[in-house]
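Counted the way this note's numbering counts, the sequence shown spans residues 8 to 193. Each residue gets a CB set at the ideal place from its N, CA and C atoms; glycine is no exception. Here the structure is a predicted model, which means the values were calculated and not measured. This report concerns only the one structure given below.
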Amino acid sequence: MSLTHRDVATVGVGGPVGSGKTSLLSEVVPRLREEGLEIGVIANDILTREDANRLRERFEGIVPPDLVAGVETGACPHTGIREDPSMNLQQIDEFLADHPDLDLVFVESGGDNLAATFNPELADYSLYVISVAEGEDIPRKRGPGVVDCDLLVVNKTDLAPHVGADLGELERDAREVREGPHVLTD
Numbered sequence: 008m009s010l011t012h013r014d015v016a017t018v019g020v021g022g023p024v025g026s027g028k029t030s031l032l033s034e035v036v037p038r039l040r041e042e043g044l045e046i047g048v049i050a051n052d053i054l055t056r057e058d059a060n061r062l063r064e065r066f067e068g069i070v071p072p073d074l075v076a077g078v079e080t081g082a083c084p085h086t087g088i089r090e091d092p093s094m095n096l097q098q099i100d101e102f103l104a105d106h107p108d109l110d111l112v113f114v115e116s117g118g119d120n121l122a123a124t125f126n127p128e129l130a131d132y133s134l135y136v137i138s139v140a141e142g143e144d145i146p147r148k149r150g151p152g153v154v155d156c157d158l159l160v161v162n163k164t165d166l167a168p169h170v171g172a173d174l175g176e177l178e179r180d181a182r183e184v185r186e187g188p189h190v191l192t193d
């Protein structure tokens with residue numbers, strides 16, 4: 008029997024550049040590994056594999072290097088997670104060829120709150136990460152990344168006083184525009 012991408016759970020992690028996606032993965036992946044899960048990570052970018060290289064360094068001794076990969080989309084990363092996820096799906100299949108006991112793959116991709124949604128063929132679940140420093144109005148704008156994700160992560164709350172963001176307002180807006188859960192973190 009040959010394994011395919013549908014034989015492993017996938018979690019899309021989207022959000023604007025600088026919102027904290029890579030930092031979130033740097034915290035979550037080691038904890039899941041401690042629980043005994045076999046994890047793969049894919050970082051999408053237009054022309055480089057810089058995020059994948061950074062994650063590979065952060066996961067040294069935690070995640071096998073061949074389970075951290077970069078996908079160069081050649082176009083807006085949204086293309087590789089929404090319109091044509093074939094490059095990411097191929098990478099998952101490559102992970103499975105060498106690691107058939109893989110439990111979970113994170114697919115990270117930057118993008119704004121208007122378009123960074125994951126094709127359901129690619130991601131079983133999705134997280135969307137925003138930074139308080141990007142403005143407290145992001146939830147009110149009701150972008151699909153914010154509204155449609157399974158979990159909204161409002162990050163960098165410690166910066167709120169420095170950028171004039173009202174966390175209470177941000178949290179009210181998140182509750183108002185979403186049916187799903189959200190968390191505030193730093």
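Where residue i falls, given that 16 or more other Cβ within 10 Å makes a residue buried
i      : result
Val114 : buried
Gln98  : buried
Ile53  : exposed
Ile170 : A quick correction: the sequence has Val, not Ile, at residue 170. Looking at its Cβ environment, which holds fewer than 16 other Cβ atoms inside 10 Å, Val170 is exposed.
Lys175 : What sits at residue 175 in the sequence shown is Gly, not Lys. Label assigned to Gly175: exposed.
Gly21  : buried
Pro72  : exposed
Val24  : exposed
Gly27  : buried
Ser93  : exposed
7 angstroms Cβ shell around residue i - same chain, five flanking residues per side excluded
i      : result
Ala59  : Ala50, Val75, Ala76, Gly77
Phe102 : Gly47, Leu74, Leu109, Val112
Ala45  : Checking the displayed sequence, the identity of residue 45 turns out to be Glu instead of Ala. For Glu45, where only same-chain residues beyond five positions count, the Cβ hits under 7 angstroms are His106, Asp108, Leu109, Asp110.
Thr86  : Thr80
For residue i, the nearest candidate out of the options (CA to CA)
i      : options                      : result
Asp108 : Ile88, Arg147, Ser138, Gly43 : Gly43
Asp165 : Asp193, Asp144, Glu41        : Asp193
Glu179 : Val170, His189, Gly171       : Looking at the sequence itself, residue 179 is Arg, so the reference to Glu does not match. If we check each option's Cα against that of Arg179, His189 comes out closest.
Glu57  : Leu39, Gly117, Arg89, Arg13  : Gly117
Pro84  : Arg13, Gly19, Pro37          : Gly19
Residue i: CB within 8 angstroms of a non-hydrogen atom of the ligand MN
i     : result
Pro84 : Looking for the ligand MN in the displayed structure turns up nothing, as the structure carries no ligands at all.
Chain B within 9 angstroms of residue i, Cβ atoms only
i      : result
His169 : The structure shown contains no chain B, having only a single protein chain.
Inset, instruction - Identify every run of the beta strand (DSSP E) within the region 64-99, keeping only runs that are complete inside it and at least 3 residues long; order them along the chain. - result: 75-79
Inset, instruction - Could you pull out every unbroken beta strand (DSSP E) segment of at least 3 residues lying fully inside the region 17-43, listed in chain order? - result: If one requires a minimum length of 3 residues, no beta strand (DSSP E) run lies completely within the region 17-43.
Legend entry - Contiguous beta strand (DSSP E) assignments of at least 3 residues, all confined to the region 99-140: 111-117, 132-138
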